[in-house]
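Participant: These protein sequences, in sequence, are chains A and B. In terms of the numbering used here, the first sequence is residues 92 to 204. In terms of the numbering used here, the second sequence is residues 485 to 598.
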Amino acid sequence: AQSVTQLDSQVPVFEEAPVELRCNYSSSVSVYLFWYVQYPNQGLQLLLKYLSGSTLVESINGFEAEFNKSQTSFHLRKPSVHISDTAEYFCAVTHTGGFKTIFGAGTRLFVKA
Amino acid sequence: GAGVSQSPRYKVAKRGQDVALRCDPISGHVSLFWYQQALGQGPEFLTYFQNEAQLDKSGLPSDRFFAERPEGSVSTLKIQRTQQEDSAVYLCASSPQREGNIQYFGAGTRLSVL
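1) Here's the rule I'm using: 16 or more other beta-carbon atoms within 10 Å means buried, otherwise exposed. How should Lys140 of chain A be labelled?
2) Distance check for Val496 of chain B and Tyr565 of chain B, CA to CA, integer angstroms please.
3) Look at the alpha carbon of Leu544 of chain B and the alpha carbon of Thr531 of chain B, and state the distance between them as a whole number of angstroms.
4) Specify, as a first and last residue, the run of the beta strand (DSSP E) that Arg199 of chain A falls within.
5) For the beta strand (DSSP E) that Tyr116 of chain A lies in, which residues bound it at each end?
6) Look up Gln581 of chain B in the DSSP assignment and say whether it is helix, strand or coil.
7) So is Gln133 of chain A in contact with chain B if we call contact Cβ pairs under 8 angstroms?
8) Beta strand (DSSP E) containing Val104 of chain A: first to last residue?
9) Would you say Pro492 of chain B lies against chain A (beta-carbon separation less than 8 angstroms)?
10) Count the other C-beta atoms from every protein chain shown that fall within 10 angstroms of the C-beta of Thr146 of chain A, then say buried if there are 16 or more, exposed otherwise.
11) Suppose only complete runs of 3+ residues qualify. What are the beta strand (DSSP E) ranges in the segment 516 to 569 of chain B, listed by chain order?
12) Put Asp176 of chain A into one of helix, strand or coil per three-state DSSP.
13) What are the partner residues of Val110 of chain A, as DSSP defines its beta bridges?
14) In angstroms with no decimal places, state the Cα-to-Cα distance between Tyr123 of chain A and Gly197 of chain A.
15) Just by C-beta distance, which residues in the segment 133 to 148 of chain A are closer than 8 angstroms to chain B?
16) Compute the beta-carbon to beta-carbon distance between Val573 of chain B and Thr560 of chain B, rounded to the nearest angstrom, for a pair I have assumed lies under 8 angstroms.
17) Just confirm the distance between the C-beta atoms of Gly207 of chain A and Val95 of chain A, as a whole number of angstroms; I'd bet it's less than 8 angstroms.
18) Gly590 of chain B: buried (16+ other C-beta within 10 angstroms of its C-beta) or exposed?
What follows is the structure, given as structure tokens:
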């Protein structure tokens, strides 16, 4: 069975500071990995994904995540956050060839001025 | 709009009442998912359709929950004899068949059972 652990339920950070949101997963088979973001009163949106190839993946708004197979992690980072990054972030995993997606409990990122 | 549409956005039900939640997926998407999201938690898988076929319903909490997608497009999640523990946000997502399981989510229906 697969599981996803997001180690921090809330992360407060000042604007322009760096941030890391941690995600660890467990699975006995190969997986696809995702980060989704949920802004207030909106649905989840895909932020970035790892399917295969380069283990470092980037989003269009400056976030990046690195797939580390040995540590079964997929931490999300941004070198300088903006107020507009305030949202809930969900890490998710799907085993390759499958469709059932397991989500973590979410990390609420709160960016302060 | 071209996104996933869910209705109603909010639903208040009295305990014991039946409810029906609707999902309009993105046109042409063959895969459709339903999730339940409790307060402060991540989405929990309920069921999955590929076109009109319900391939997995292992996440449905009880036989009071029923989902259908009769023509392979619009889907309805029905909850019979609602209980307070059914209060949650119900999310629908759709996916094109060959995109590595990337899902496109609707805004959800917030169900409150009194």
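Just so you know, even glycine gets a beta-carbon here, dropped at the ideal spot from N, CA and C. Note that this is a predicted model, so its numbers are computed, not measured.
Facilitator: In terms of the structure at hand:
1) That one is buried.
2) In the sequence as presented, Tyr is not what sits at residue 565 of chain B; that position holds Arg. Taking the straight line from one Cα to the other gives about 13 angstroms.
3) Their Cα atoms are separated by approximately 7 angstroms.
4) Membership of Arg199 of chain A in the beta strand (DSSP E) is indicated by the continuous run 198 to 203.
5) Going by DSSP, Tyr116 of chain A is part of the beta strand (DSSP E) stretching over 114 to 117.
6) Coil, per DSSP.
7) Gln133 of chain A counts as touching chain B.
8) 101 to 105 is the extent of the beta strand (DSSP E) around Val104 of chain A.
9) So, not an interface residue.
10) The residue is exposed, with fewer than 16 neighbouring Cβ atoms inside 10 Å.
11) Complete beta strand (DSSP E) runs here, min 3: 528 to 534, 537 to 540, 549 to 552, 559 to 563.
12) Asp176 of chain A sits in a helix when the DSSP states are folded into three classes.
13) Its beta-bridge partners are A:Lys169.
14) Rounded to whole angstroms, the separation of the alpha carbons of Gly197 of chain A and Tyr123 of chain A is 18 angstroms.
15) Hits within the stretch, in order: Gln133, Gly134, Leu135, Gln136, Leu137, Lys140, Leu142.
16) Rounded, the Cβ-Cβ distance is 17 angstroms, inconsistent with contact.
17) Given that chain A is displayed from residue 92 to residue 204, the structure contains no residue 207 of chain A and the question cannot be resolved.
18) Buried: at least 16 other Cβ atoms inside 10 Å.
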